[in-house]
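Q:
Protein chains in written order, with my numbering: chain A, 16 to 360; chain B, 16 to 360.
#1: In the structure shown, what three-state DSSP assignment does residue 270 of chain A receive?
#2: If distances are taken between C-alpha atoms only, which option among B/131, B/221 and B/149 comes closest to residue 173 of chain B?
#3: Give the interface partners of residue 66 of chain B over in chain A, defined as CB-CB distance under 7 Å, in chain order.
#4: Report the rounded CA-to-CA distance for residue 279 of chain A versus residue 214 of chain B, giving the unit in angstroms.
#5: Residue 105 of chain A to residue 99 of chain A, Cα distance in whole Å?
#6: What do you reckon, are the CB atoms on residue 186 of chain A and residue 149 of chain A nearer than 8 Å?
#7: Considering only residues of the region 127 to 196 of chain A, which uninterrupted beta strand (DSSP E) runs meet the minimum length of 3 residues and lie entirely inside it, listed in chain order?
#8: Output yes if chain A places a C-beta closer than 8 Å to the C-beta of residue 131 of chain B; else output no.
#9: Consult DSSP for residue 328 of chain A and reduce its assignment to one of helix, strand or coil.
#10: Using the Cβ count rule (16 or more neighbours within 10 Å means buried), how would you classify residue 193 of chain A?
#11: Here's the rule: buried if 16 or more other CB atoms are within 10 angstroms of the residue's CB, otherwise exposed. What is residue 43 of chain A?
#12: At a Cβ cut of 9 Å, what residues of the region 65 to 99 of chain A count as close to chain B, listed as they run along the chain?
#13: Residue 263 of chain A and residue 255 of chain A look like a contact to me (Cβ under 8 Å); what is the Cβ gap, rounded to whole Å?
#14: What are the complete alpha helix (DSSP H) segments, minimum 4 residues, inside the region 256 to 312 of chain B?
#15: For residue 164 of chain A, go through chain B and note every residue whose CB falls closer than 9 Å to its CB, in chain order.
#16: Under 8 Å, do residue 237 of chain B and residue 273 of chain B count as touching if we go by C-beta distance?
#17: Quick one: give me the first and last residue of the beta strand (DSSP E) that residue 357 of chain A is part of.
#18: In chain B, which residues lie with their C-beta within 7 Å of the C-beta of residue 141 of chain A?
#19: According to the Cβ coordinates, are residue 252 of chain A and residue 326 of chain A closer than 8 Å?
#20: Would the region 290 to 300 of chain A and the region 51 to 64 of chain A be scored as touching if the rule is three or more Cβ pairs under 8 Å?
#21: Could you run through the region 226 to 247 of chain A and flag, in chain order, every residue whose CB is less than 8 Å away from some CB of chain B?
#22: To which residues of the same chain is residue 230 of chain B closer than 7 Å at the C-beta, ignoring the five residues directly before and after it?
#23: Which residue or residues does DSSP assign as beta-bridge partners of residue 95 of chain B?
#24: How would you list, in chain order, the residues of chain A whose beta-carbon sits under 8 Å from the beta-carbon of residue 19 of chain B?
#25: Going by C-alpha to C-alpha distance, which of A/286, A/293, A/319 and A/296 sits closest to residue 309 of chain A?
#26: Is the shortest distance between the beta-carbon of residue 212 of chain A and the beta-carbons of chain B less than 8 Å?
#27: Give the single residue among B/342, B/175 and B/28 whose Cα lies nearest to the Cα of residue 137 of chain B.
#28: Bridge partners for residue 110 of chain B per DSSP, in chain order?
#29: Using DSSP's beta-bridge definition, name the partner residues of residue 120 of chain B.
#30: Rounded to whole angstroms, what is the Cα-Cα separation between residue 102 of chain A and residue 164 of chain A?
#31: Considering only DSSP beta bridges, list what residue 67 of chain B is partnered with.
#32: Return yes when the Cβ of residue 183 of chain A is within less than 8 Å of the Cβ of residue 39 of chain A, no when it is not.
#33: Whether or not the region 59 to 74 of chain B and the region 83 to 97 of chain B are in contact is what I'm after, with contact meaning three or more pairs of Cβ atoms, one per stretch, closer than 8 Å; do they touch?
#34: Less than 8 Å between the CB atoms is what I'm expecting for residue 117 of chain B and residue 212 of chain A, so what's the real figure, rounded?
#35: State the beta-bridge partners of residue 205 of chain B as determined by DSSP.
#36: Using a Cβ cut-off of 8 Å, which residues of the region 102 to 125 of chain A contact any Cβ in chain B, in chain order?
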């Protein structure tokens, strides 16, 4: 049973458990600082498929399967799959869902989709609508480049504020308390979700997504803390994704302007952390897969090891399409936040 | 508090109420048999905007506002907006949400989005996560033609199985029982939702969306009846959208093959009904807006007048994008079903 708190926050009173999690990533991601935390590294980022789009769908499907295999569940044990990606009309999610045959809810939140799916999945499991739900998202460097940017063959120079789309997929299994598979120890419980609104500060530069998303991230975090009556230091870590280095700095500035006190060492960004400075990824990683693999690798592994107790996870999205950019429109952003708590019961 | 029933159905035990509803449509839709049921007909399908995309966003935003105005609510009275459309990266929904500033959940279910949003919104209101939620979707003939099909200027001939994208937007306000505005009489209660899975029968013809969606519709309806232990004749009407004339015939055939007994006069399709045969729309209407305006005009008005008691509303979606079609992929389909019951309390 959920409880609406304040302006935009929902308390998930039954504390849905993240009972399995899995991350798949590409070679470049493997070479970054978080590479050792992913379950599977792709040898071939085409996965033997004929197109990048089918490759992304196959990566997402295999990640969901691995997430279920880990706790010996079948697709038929899952009531709902909540999923989305960046390809037009979320093609990867649909082609993945076609093979898995789990009742499917298609989401689009750009790079915020990992936390959107956890927020929605958490609410559905909390209410009893779903006993078990899988939240899964992906992105692929080559499908994103084809769709959003100059052809790779053109070899255009990337500005320092640009981010690099992560090739990766993450899946998390949410279970109601009575539906946790036997002998499985969940990594964390979902206790709250704060649903973001669409915020637009007038940025038009699609090579500066960090600046687009930072205001939405600051807005959602400020609202979350106010709704729930907590200060930022309640959280061991506040993790955003994927603001990148430029966006992270802007968000910290905006938080300070709003009078929010925080320890900047405990506020970090998936996009700023996934690649090392030597990897030529400029402002960092992006794409739904960026926060998804960081959550379903690095973050949840640390929960499982007992290294984390309270985390605010907030994936962020830039809400553009190629038409809106060509038409000269500004780019709005969004951020959704979920609270992960170590599950001690 | 929700209850998962059978394979894919959720019972919404608190019966969220549809407390306001609004539909906006274009001139061609106004000239069809349902024209008299829409709240507003567009004089200018650009709505004074510079682009079709901004026009669609403005239409969607104004439809949500009108839905709230009717029951004297402000946007700040709404906990969540669940919305989607057909433009890449659901641009209309995002640009609409940017102005409304309601906490936003972006959905993509192609033309099934009206029932996807009602299913999700219903579950969120049922659980207490949202006290009031607005479910709103749109489509626009000119944004869809630009994105999915040959340029209009080319004047290519449309096959008889082709459908015509509806210019229209629909919005429905869902309220928890204690949050129905004073003196407002809801049209209907949402009692069940059946979440569809992605089904693919191998159709590749994007001018025959009815054939793509019919198997998904038959699958979801069959599952719904089995989950809930009802026969089709429980429902006054079973309403699909937007299979069109070709898809409707195929669905009826598939239902008969599955051994489901029904009265074909009580199973009708929004796409097949929205235009008259003289309107040169071939197999009928399509687009998220097709089922949305039919629901938020014709169907809910009839509930309000006491002409309907039990309805299964099932919007259907064809899950293609322009890349997948060019790559020669088959087109999967999906259908979600919600049950509307006359609210006698």
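Think of the CB as a built atom: it goes at the ideal place given N, C-alpha and C, for glycine as much as any other residue.
A: Quick answer:
#1: Walking along the first chain from the start, residue 270 of chain A turns up at place 255. Of the three classes helix, strand and coil, the one that applies to residue 270 of chain A here is helix, per DSSP.
#2: Numbered from 1 along the second chain, position 158 holds the residue referred to as residue 173 of chain B. Residue 173 of chain B has its Cα closest to that of B/221, out of B/131, B/221 and B/149.
#3: What you label residue 66 of chain B is simply residue 51 of the second chain in a count that begins at 1. Here the neighbours are 342.
#4: Walking along the first chain from the start, residue 279 of chain A turns up at place 264. Walking along the second chain from the start, residue 214 of chain B turns up at place 199. Those two C-alpha atoms are separated by around 47 Å.
#5: Taking the first chain and counting its residues from 1, one reaches residue 105 of chain A at position 90. Taking the first chain and counting its residues from 1, one reaches residue 99 of chain A at position 84. Taking the straight line from one Cα to the other gives about 6 Å.
#6: Within the first chain, residue 186 of chain A is the residue found at index 171, counting from 1. Within the first chain, residue 149 of chain A is the residue found at index 134, counting from 1. A contact, by the Cβ cut-off of 8 Å.
#7: Taking only runs of at least 3 residues, the beta strand (DSSP E) segments lying wholly in the region 127 to 196 of chain A are 147 to 154 and 183 to 190.
#8: Numbered from 1 along the second chain, position 116 holds the residue referred to as residue 131 of chain B. Residue 131 of chain B counts as touching chain A.
#9: Your numbering for residue 328 of chain A matches position 313 in the first chain. Here DSSP, grouped into helix, strand and coil, assigns residue 328 of chain A to strand.
#10: To locate residue 193 of chain A, count along the first chain from 1; it is residue 178. Exposed, by the Cβ-count rule.
#11: Here residue 43 of chain A corresponds to residue number 28 of the first chain, with the count starting at 1. Buried is the call here.
#12: Within the region 65 to 99 of chain A, the qualifying residues are 65, 66, 68, 69, 91, 94, 95, 96 and 99.
#13: The count along the first chain starts at 1 and reaches residue 263 of chain A at position 248. The count along the first chain starts at 1 and reaches residue 255 of chain A at position 240. That belief holds up - the Cβ atoms of residue 263 of chain A and residue 255 of chain A are roughly 7 Å apart, short of 8 Å.
#14: You should have 259 to 272, 285 to 288 and 303 to 308.
#15: For the purposes of this step, residue 164 of chain A is taken as the residue at position 149 of the first chain. Result: empty, since nearest Cβ-Cβ is about 14 Å, beyond 9 Å.
#16: Within the second chain, the letter at position 222 stands for residue 237 of chain B. Within the second chain, the letter at position 258 stands for residue 273 of chain B. Yes; because the gap between Cβ atoms is below 8 Å, this pair is in contact.
#17: Within the first chain, numbered from 1, the residue matching residue 357 of chain A stands at position 342. Element bounds for residue 357 of chain A: 348 to 357.
#18: Taking the first residue of the first chain as 1, we reach residue 141 of chain A at position 126. Under a criterion of Cβ atoms nearer than 7 Å, the residues of chain B adjacent to residue 141 of chain A are, in order, 142.
#19: The residue you call residue 252 of chain A lines up with position 237 of the first chain. The residue you call residue 326 of chain A lines up with position 311 of the first chain. Contact: yes.
#20: Output reads no: the region 51 to 64 of chain A does not touch the region 290 to 300 of chain A.
#21: With the criterion set as a beta carbon lying under 8 Å from some beta carbon of chain B, the region 226 to 247 of chain A has no members that meet it.
#22: Counting from one through the second chain, the residue named residue 230 of chain B turns up at place 215. Result list for residue 230 of chain B: 214, 216, 269 and 348, in chain order.
#23: Position 80 of the second chain, counted from the start, is the residue given in the question as residue 95 of chain B. Note: residue 95 of chain B is bridge-paired with B/148 in the DSSP secondary-structure output.
#24: Reading the second chain from its first residue, position 4 is the one you call residue 19 of chain B. Chain A residues near residue 19 of chain B: 94, 143, 144, 145 and 146.
#25: Numbered from its first residue, the first chain carries residue 309 of chain A at position 294. Cα-wise, what sits closest to residue 309 of chain A is A/286.
#26: On the first chain, position 197 is the one that residue 212 of chain A refers to. Chain B, which has a Cβ nearer than 8 Å to the Cβ of residue 212 of chain A, makes this yes.
#27: Residue 137 of chain B sits at position 122 when you count from the first residue of the second chain. For residue 137 of chain B, the closest alpha carbon among the candidates B/342, B/175 and B/28 is that of B/28.
#28: In the second chain, counting from the first residue as 1, residue 110 of chain B sits at position 95. By DSSP's assignment, residue 110 of chain B forms no beta bridge with any residue.
#29: Your numbering for residue 120 of chain B matches position 105 in the second chain. In DSSP, residue 120 of chain B forms a bridge with B/97.
#30: As a working mapping, residue 102 of chain A is identified with position 87 in the first chain. As a working mapping, residue 164 of chain A is identified with position 149 in the first chain. Their Cα atoms are separated by approximately 13 Å.
#31: In the second chain, counting from the first residue as 1, residue 67 of chain B sits at position 52. Secondary-structure assignment with DSSP links residue 67 of chain B through no beta bridge to anything.
#32: If you number the first chain from 1, residue 39 of chain A lands on position 24. If you number the first chain from 1, residue 183 of chain A lands on position 168. Yes, Cβ-Cβ distance for residue 39 of chain A and residue 183 of chain A is below 8 Å.
#33: No contact exists between the region 83 to 97 of chain B and the region 59 to 74 of chain B.
#34: What you label residue 117 of chain B is simply residue 102 of the second chain in a count that begins at 1. What you label residue 212 of chain A is simply residue 197 of the first chain in a count that begins at 1. About 6 Å; that satisfies the 8 Å criterion.
#35: Along the second chain, read from residue 1 onward, the residue named residue 205 of chain B stands at position 190. Per DSSP, B/355.
#36: From the region 102 to 125 of chain A, only 102, 103, 104, 105, 106, 109, 110, 112, 113, 116, 117, 118, 119, 120, 121, 122, 123, 124 and 125 have a Cβ closer than 8 Å to chain B.
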